[in-house]
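In the numbering used here, the protein residues as written are 57 to 597.
Glycine is no exception: its CB is placed at the ideal position from the N, C-alpha and C atoms.
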């Protein structure tokens, strides 16, 4: 009996000890969890080499690892980064940057006994040379189209000379393509630098199991501090998963397994938001929603060189612009997220945007224009085909129903995204859905879609819109150094485009971010850049 009691006592003691160990392990894991920011990337990541940071998934990842000469704040102001200051001389053609001398690359054995070294101006010379290297074939080579030359003057002075003035150039330099990389590391890994990145950013590369998980760790030698002088970043790590669809991603978010979801997808928009864009009560206690302008214009486009007679007619194009209610579309199809595009092509949030220069819902005038078109052309049953992808079918069907009410038959053709991309670039579609997300935060980027020298497939002018006056104003904007005067030129160009109606702006998008209540310091910006260096996570017990 005594032996049995001792065995029972030892068994209970062992169980109790295990419970303590499990409790301690869980608590430690939970305590460390507040130092890890977790998000999902359903589109996967193709490369961690900034020279290939074309898509938002790649940009979000490389932004944590790399820095450039300059950076952009949440208000789209260009700020110092590795460059502490700069001067613009020679009629706005020469940019001279003074670099910090305390920026170190992430540690690597190839750097020698100190396992690191400081960034020098020659590193920027090498990094920009890579963009021009045809053997590398960086999709960011266009960033240097207006650059004549660049060189390191000394270790802390870097100079870029432009072929012509370009007011948006500093903003363009904030792109991840222009990040600094170390020559010895890149040349050691070659094409495998994509999965062995070494940069200067707030986080350093730890592990990447492609399409499964990506992990970054805190860079303890990062050069930036907060406004209060605290060392950045605050997080210990960033962990990225790769669930393939937005619905699964939202489920993980709702269960607390990831900290952040970006954007509004049809699979969950009605689950989390009311029809007027507010968080539903079920999520109010656990979730924060932040939203703001996004430099993305969603629109329909006409191919101006088409042989389809209805599209050749200005009255018909204007009738389509007037014939559907953008406010109603945003309310029912976007749960109030987005701004109805009653202005021009330049989105809300950029200098040059004016809300009065576009089209507002006017079905009576739209019907009148269709009747005038019928009398002028003798086409009694006008018909056009709108080509789209499945993701935007609901928008196109909404417009189809509304436009048919004013006397114009619209057929909707759904094709794969890759097919639409190729067909619109080669002038094979008469009327199609498209969107334009800014490469850099300047209205010139939007207006480049209407410059005659940018005809697709060699440029972004998919409509083949062309007027001599627009071209003159567009070229004049390069020479205008006064921001307010340049903004006026942008507005005038946008107004000129809308008077010809080669496009039907539908809405200006918004950045929408959902985070757990434990996440603090995650801002929002009109380029939808994910900035994690100032993010903190609070503990919950």
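Sequence-distant residues of the same chain with beta carbon closer than 7 angstroms to residue i, five excluded per side
i: residue 532; result: 545
i: residue 387; result: 331
i: residue 211; result: 176, 177
i: residue 519; result: 357, 358, 359, 360, 558, 559
i: residue 325; result: 391
i: residue 148; result: 221, 537
i: residue 156; result: 138, 140, 279
i: residue 218; result: 149, 202, 203, 204, 225
i: residue 195; result: 108, 110
Own chain residues within Cβ distance below 8 angstroms of residue i, not counting five before or after
i: residue 439; result: 366, 464, 465, 466, 467
i: residue 460; result: 466
Inter-residue Cα distance where the pair is residue i and residue j
i: residue 582; j: residue 435; result: 44 angstroms
i: residue 288; j: residue 472; result: 43 angstroms
i: residue 103; j: residue 251; result: 7 angstroms
i: residue 580; j: residue 319; result: 12 angstroms
i: residue 233; j: residue 449; result: 33 angstroms
i: residue 578; j: residue 131; result: 14 angstroms
i: residue 455; j: residue 556; result: 20 angstroms
i: residue 537; j: residue 590; result: 33 angstroms
i: residue 391; j: residue 300; result: 24 angstroms
i: residue 249; j: residue 242; result: 6 angstroms
i: residue 396; j: residue 563; result: 4 angstroms
i: residue 225; j: residue 108; result: 20 angstroms
i: residue 403; j: residue 126; result: 24 angstroms
i: residue 266; j: residue 101; result: 8 angstroms
i: residue 344; j: residue 323; result: 19 angstroms
i: residue 379; j: residue 453; result: 13 angstroms
i: residue 255; j: residue 565; result: 32 angstroms
i: residue 553; j: residue 451; result: 23 angstroms
i: residue 341; j: residue 310; result: 12 angstroms
i: residue 442; j: residue 172; result: 56 angstroms
Outcome for residue i when other beta-carbon atoms lying within 10 angstroms are tallied against a minimum of 16
i: residue 547; result: buried
i: residue 145; result: exposed
i: residue 406; result: buried
i: residue 118; result: buried
i: residue 375; result: buried
i: residue 561; result: buried
i: residue 179; result: buried
i: residue 198; result: exposed
i: residue 569; result: buried
i: residue 542; result: buried
i: residue 513; result: exposed
i: residue 302; result: buried
i: residue 334; result: exposed
i: residue 120; result: buried
i: residue 81; result: Summary for residue 81: the model assigns pLDDT 36, below 50, so the residue's position carries little reliability, and this model does not support an answer.
i: residue 425; result: buried
i: residue 183; result: buried
i: residue 457; result: exposed
i: residue 475; result: exposed
Where residue i falls: helix, strand or coil (DSSP)
i: residue 323; result: coil
i: residue 606; result: In this structure the chain extends from 57 to 597, so residue 606 is not present and cannot be described.
i: residue 419; result: helix
i: residue 432; result: helix
i: residue 178; result: helix
i: residue 141; result: strand
i: residue 106; result: helix
i: residue 218; result: strand
i: residue 574; result: coil
i: residue 148; result: coil
i: residue 32; result: Any property of residue 32 remains undetermined from this structure, which presents the chain solely from 57 to 597.
i: residue 359; result: coil
i: residue 381; result: coil
i: residue 569; result: strand
i: residue 185; result: helix
i: residue 118; result: helix
i: residue 409; result: coil
i: residue 94; result: strand
i: residue 439; result: strand
i: residue 245; result: helix
Neighbourhood of residue i by C-beta, 6 angstroms cutoff - its chain only, sequence neighbours within 5 removed
i: residue 240; result: 166
i: residue 480; result: 488, 518
i: residue 99; result: 113
i: residue 508; result: 522, 527
i: residue 429; result: 369, 371, 372
Beta strand (DSSP E) runs wholly inside the segment 251-287, at least 3 long, in chain order
Those beta strand (DSSP E) runs which fall completely within the segment 251-287 and span 3+ residues are 259-265, 269-274.
Threshold first: 4 residues or longer. Then list the alpha helix (DSSP H) segments lying entirely within the segment 292-357, N to C.
Here the runs fully enclosed are 302-310, 325-328, 337-340.
Entirely within the segment 459-499 and at least 3 residues each: give me those beta strand (DSSP E) ranges in chain order.
Runs of the beta strand (DSSP E) inside the segment 459-499: 465-470, 487-493.
Runs of alpha helix (DSSP H) lying entirely within the segment 501-544, each at least 4 residues, in chain order:
Listed in chain order, they are 524-535.
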